[in-house]
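This report refers to the structure that appears directly beneath it.
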Amino acid sequence: MNYRNLGTSDVKVSEISFGCWTMGGLNWVNGNPNGWANVDEDEITEGIKLAIDAGVNHFDNADVYGNGRAERMLARVFEKLGVKSEDFVVATKIGHFPGTAAHAYEPAHIRHQCEQSLINLKRDYIDLYYFHHGDFGPNGALLEDAAATMDALVDEGKVRVKGQSAYSADDFERAVPVVRPQALQSWAHALDDQFVRPGSRVAKLMDEHNLSFVAFSPLAQARLLDKYDPNNPPEFEPGDHRKGNGGFGAEAIAALKPKLAKLKERFGDSTEDLAAVALNYILEQPRVACVIPGFRNPRQAKCNVQAAGRTLSAEDLAFIKEALA
Ligand SMILES: NC(=O)c1ccc[n+]([C@@H]2O[C@H](COP(=O)([O-])OP(=O)(O)OC[C@H]3O[C@@H](n4cnc5c(N)ncnc54)[C@H](OP(=O)(O)O)[C@@H]3O)[C@@H](O)[C@H]2O)c1
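According to my numbering, the residues represented by the sequence shown are 12 to 336, in order.
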């Protein structure tokens, strides 16, 4: 496993790091589904053991993943495995769980959620603390105060490194000069690499501020693994954010199938081969520190860590881009 620094900080993360969203299970915030099909904690424990044994040192969490359940599960799993949480880079986020605040980025709410995350994670400090999205209120009214609150948490030793997650170049460009994070986080996968593609607005922003990128949904939520059948598309439960998402519908799966067939022909047709292609495609983009694939069992964990050390040539990258275009 290789390790890369986050921005100019001394925090190093494994190229394959692990996302913890599934660990929150089915969930809703303000009536909107934002969880995943429930997981089995024993299977998660086995998956994390396998990841640690393979050199994974960074776990990406958020207050909103199961409204605290994923943070608490991660702390319990570390205890069960007899490892020290402080030996790992634990990331979490504030922003999608407003509680009773009018906006999640009110300074008092940031402080409250930070304290609650520390309790849930059983930690005295968070290694990497993100603003989860780029909506700082009407006209960005909360941005300055939210950033100042985050800086105070750093000064108090509660946060080591700041991160900014967002879903548009506009949001990143507004937030970065004020928040001054070391790491940006958004989606990046072989079907949509708009934030990491060389020459893109966010890539330029990262060059200008010397930032790293943490790539979520690197498997396009498993759509790049060819695990779905257009004749029998997956059905998801209420509380799973994928329910009703067109990307998992019969038409979208059918359109993707022939493209994935081209990848299988060149790189091999196992799930391991496709996972290695998906994860390494993103790891080859400049400024990417790590990919953070989600997982729900040891089989998936094993499949995803085996991508470490498999490489792609410039011709391979061009082939993948062309095949999925
Ligand atoms: N900052 C943000 O706003 C944000 C947004 C999204 C995600 N994230 C973070 O990024 C992490 C990963 O993103 P993601 O979960 O959206 O997408 P992803 O990593 O592309 O997909 C993960 C999902 O794909 C399935 N899967 C994973 N490995 C597999 C394998 N080897 N074989 C078959 N199926 C496999 C699992 O779900 P099933 O078993 O249910 O198919 C798993 O939960 C999250 O856990 C979270 O930490 C952050």
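The C-beta atom is built at its ideal place from N, Cα and C for all residues, glycine as well.
Near ligand 1: residue i beta-carbon under 7 Å from a heavy atom
{"i": "F306", "result": "yes"}
{"i": "Q317", "result": "no"}
{"i": "G351", "result": "Outside the displayed range of the chain (12 to 336) lies residue 351, so it cannot be described from this structure."}
{"i": "S176", "result": "yes"}
{"i": "L132", "result": "no"}
{"i": "H69", "result": "no"}
{"i": "F303", "result": "Note that residue 303 corresponds to Ile in the displayed sequence, not to Phe. At least one heavy atom of ligand 1 is nearer than 7 Å to the Cβ of I303, so yes."}
{"i": "P229", "result": "yes"}
{"i": "Q196", "result": "yes"}
{"i": "Q296", "result": "no"}
{"i": "C125", "result": "no"}
{"i": "H220", "result": "no"}
{"i": "Q205", "result": "no"}
{"i": "Q193", "result": "no"}
{"i": "L335", "result": "no"}
{"i": "K60", "result": "no"}
{"i": "W39", "result": "no"}
{"i": "T111", "result": "no"}
{"i": "T33", "result": "yes"}
{"i": "H143", "result": "yes"}
{"i": "T103", "result": "no"}
{"i": "T282", "result": "yes"}
{"i": "A214", "result": "no"}
{"i": "A286", "result": "yes"}
{"i": "A115", "result": "no"}
{"i": "A48", "result": "yes"}
{"i": "A233", "result": "yes"}
Beta-bridge partners of residue i, as assigned by DSSP
{"i": "V165", "result": "Per DSSP, none; premise fails for V165."}
{"i": "T103", "result": "Y140"}
{"i": "D71", "result": "G30 and A102"}
{"i": "D43", "result": "First, the amino acid is wrong: residue 43 is Asn here, not Asp. Beta-bridge pairing links N43 to V40."}
{"i": "Y14", "result": "S25"}
{"i": "G148", "result": "G148 pairs with nothing; no bridge assigned."}
{"i": "C301", "result": "V225"}
{"i": "V172", "result": "L139"}
{"i": "A194", "result": "G174 and S223"}
{"i": "H200", "result": "D203"}
Cβ pair residue i, residue j closer than 8 Å
{"i": "D204", "j": "Q317", "result": "no"}
{"i": "V213", "j": "A194", "result": "no"}
{"i": "Y116", "j": "A73", "result": "no"}
{"i": "S25", "j": "N68", "result": "yes"}
{"i": "C125", "j": "L164", "result": "yes"}
{"i": "V190", "j": "M217", "result": "no"}
{"i": "R185", "j": "G151", "result": "yes"}
{"i": "P192", "j": "K173", "result": "yes"}
{"i": "N45", "j": "V75", "result": "yes"}
{"i": "N38", "j": "A86", "result": "no"}
{"i": "C31", "j": "D64", "result": "no"}
{"i": "I137", "j": "P229", "result": "no"}
{"i": "E82", "j": "T103", "result": "yes"}
{"i": "A334", "j": "K273", "result": "yes"}
{"i": "D251", "j": "A113", "result": "no"}
{"i": "M84", "j": "A319", "result": "no"}
{"i": "M34", "j": "V50", "result": "yes"}
{"i": "L236", "j": "L285", "result": "yes"}
{"i": "G145", "j": "D182", "result": "yes"}
{"i": "H143", "j": "G106", "result": "yes"}
{"i": "N315", "j": "I27", "result": "yes"}
{"i": "P245", "j": "F259", "result": "yes"}
{"i": "N221", "j": "G58", "result": "no"}
{"i": "V88", "j": "I121", "result": "no"}
{"i": "S176", "j": "Y141", "result": "yes"}
{"i": "A231", "j": "L202", "result": "yes"}
Near ligand 3: residue i beta-carbon under 7 Å from a heavy atom
{"i": "L236", "result": "Of the ligands this structure carries, namely ligand 1, none is ligand 3."}
Minimum Cβ-Cβ distance from residue i to chain C less than 8 Å
{"i": "A312", "result": "In summary, chain C is missing from the structure at hand, where a single protein chain is found."}
Check: Taking the runs of the alpha helix (DSSP H) that are 4 residues or longer, which of them lie wholly in the region 308-334?
Finding: Those alpha helix (DSSP H) runs which fall completely within the region 308-334 and span 4+ residues are 309-316.
Notebook entry, point to check: Can you list the beta strand (DSSP E) stretches of 3 or more residues lying completely in the region 204-285, in chain order?
Noted result: 223-227
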